[in-house]
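Asker: Structure incoming, see below.
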Amino acid sequence: MKTFAIISSVVVLGGITAYFLLRRNTKKVSELKQDKVEKLTLHYVKEYFVKQGVSIKDNKPVMFPIKESNDYGIVFEEGFKYFVLTYYNESKEEILEDNTLIVATKEIDSNLKDAFGDKEMIILK
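Using UniProt numbering, read the sequence shown as starting at 1 and increasing by one per residue.
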């Protein structure tokens, strides 16, 4: 009987822990700004960074694709590619999460394709 009580307690605690971990991960995604566009252009990307008004002395505007297995908790919609527009702080060596936009798009323009080439991230100036 004691074994049953112990096993039941472990299962209940495991379920509660899993619930809070999953809830925390989905909260992370909902806190990030998101947008969906038909075609992501270099003009759209530059306009986003201009509107942010973040000092670019230590903070470099960067863009990178999100892979299907990602830490953002994003579930990919069929036919869409996902990109992150954010700032990288060189002195702290970290991404600024408060100025991050996740963009879902069906395609990117030729200027962005050329800028990426075979790189995993581009730094915009």
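Idealized CB from N, CA, C, for every residue including glycine.
#1: To the nearest angstrom, how far is it from the Cα of I102 to the Cα of F64?
#2: Considering Cα atoms alone, identify which of K92, Y82 and K33 is closest to T105.
#3: How would you label N59, buried or exposed, when you count the other beta carbons within 10 angstroms and need 16 or more for buried?
#4: Alpha helix (DSSP H) containing K51: first to last residue?
#5: Could you work out which residue in V84, E78, E77 and P61 is closest to D71 when comparing CA atoms only?
Answerer: With the given structure in hand:
#1: Rounded to whole angstroms, the separation of the alpha carbons of F64 and I102 is 10 Å.
#2: The candidate whose alpha carbon is nearest that of T105 is Y82.
#3: Buried: at least 16 other Cβ atoms inside 10 Å.
#4: Here the alpha helix (DSSP H) through K51 covers L42 to Q52.
#5: Cα-wise, what sits closest to D71 is V84.
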